[in-house]
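One structure is given here, and the rest of the page talks about it.
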DNA sequence: CTAGTTATTTATCATTTGTTAATTTTTATT
DNA sequence: AATAAAAATTAACAAATGATAAATAACTAG
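Protein chains in written order, with this note's numbering: chain A, 1 to 186; chain B, 1001 to 1186.
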């Protein structure tokens, strides 16, 4: 299970804690386009992507908007629900065929009480996610759509694997506008 | 010290842990406009605002951009530095006369090892901040500047206390554009 | 209170992005 | 390979926002 490689790179667990985690992890495969967690639900699972990719999405004025992408070896959660217990208007969907490890959130939170190192590990994991989110805000403040697109080209594998329509809304622009930007860049 | 009221509302500490925290807290007052942490520095302090308000800011193409506001009873940190140890191109500035409690970050992180409840408390505090940040991204994706401004009017005290030029960049628009929006709304 | 500074508004014009619709390209299915 | 369906591009025009400059209003220091 390469989940533990991921963990080890952040904060290695005792073998006791590893075993405790393994007992609450299950594996699952989703087909391309399949909804992993539906809009309106509560986030009760932390997903680790073994293979494939997924997105967090929601609808605004009838438009499908992608808020976040996750790839191989990424964690994906709907933070605004996981950390508040409230339902969220966002869902998670597999973009391509995707193989995930599911960590049950309630069980995980219970492990926090017993295994200090597990709480620490996940604190560090989500601090990283937090930092990524802060950087994303920067990209929206006073960067043009073109700059945001070029940043994306440089820093991620997104553009290779993901339909443009998802990328456009992720950048906060329409599909047509992204097409125009791509034409300029070429 | 109303820091503990803030803590208690999130996760009450043992009296032992409270005392440990108090030993690493100091109080300080900043004058209006005074820089609390300069651009380019590392974030080594967690600030709790007892009174007044502050902002996180940076420069982009010579423009002063406000990324974040914090008010009475808010925590303020430069997450991308605090959680990575790297310097950041952002600074913190008092907007009005501001009274803060400073928690030394290194000392705090050391307390995490000994006081499980302190680590938990700050995990929960920063999870909340993370959720706020996620919500802010939402506001940038496919909300018009006018919508973002109206949201701000409804949900915060920002507009009462803060110069428009700061609010404009916070919304991701120019001062002139914000003025125009305000004229429409009236 | 006054002069000087800073913040805000207004106006004009340029640029970017949105909207709609038609066209081409790509992908999926048989 | 042929067809249908979905995705991406292009074009034309509309709306939102940026940039610059000038005018007004609010604030600050003496």
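Beta carbons: idealized from backbone N, C-alpha and C, even for Gly.
Between the C-alpha atoms of residue 170/A and residue 1142/B there is a straight-line separation of about 10 angstroms.
About 7 angstroms separates the beta carbons of residue 120/A and residue 1119/B, which is inside the 8 angstroms limit, making them a contact pair. In this structure, DSSP gives residue 131/A a helical state, which the three-state scheme calls helix.
In the DSSP assignment, residue 26/A is bridged to 102/A.
Residues of chain A with a Cβ closer than 8 angstroms to the Cβ of residue 1120/B are, in chain order, 112, 119.
Chain A places no beta carbon closer than 8 angstroms to that of residue 1148/B, leaving this residue out of the contacts.
DSSP places residue 1032/B outside both helix and strand once states are collapsed to three, so it counts as coil.
Close CB contacts of residue 1070/B within its chain, under the 6 angstroms cut and outside five residues either way in sequence, are with 1049, 1054, 1076 (chain order). For the segment 155-171 of chain A, the beta-carbon criterion of a distance under 9 angstroms to any beta-carbon of chain B is satisfied by 169, 170, 171.
The three-state reading of DSSP puts residue 1077/B in coil, since its state is none of H, G, I, E or B. Below the 7 angstroms Cβ cutoff, chain A contributes no neighbours of residue 1057/B, its closest Cβ being approximately 11 angstroms away. The CB of residue 1079/B comes closer than 8 angstroms to the CB of 127, 130, 131, 134 in chain A, given here in chain order. Taking 8 angstroms as the CB threshold, residue 42/A stays off the interface with chain B.
Inter-residue distance for residue 168/A and residue 1116/B is about 43 angstroms (C-alpha atoms, whole angstroms). Around the beta-carbon of residue 68/A, 16 or more other beta-carbon atoms lie within 10 Å, marking it buried. Residue 1024/B is a Cβ neighbour of residue 1104/B, given a cutoff of 8 angstroms.
By the CB criterion at 8 angstroms, residue 1092/B and residue 1125/B fall outside the cutoff. For residue 84/A, the residues of chain B that pass the 7 angstroms Cβ criterion are 1131, in the order they occur in the chain. Counted as a single uninterrupted DSSP element, the beta strand (DSSP E) harbouring residue 71/A occupies residues 63-71.
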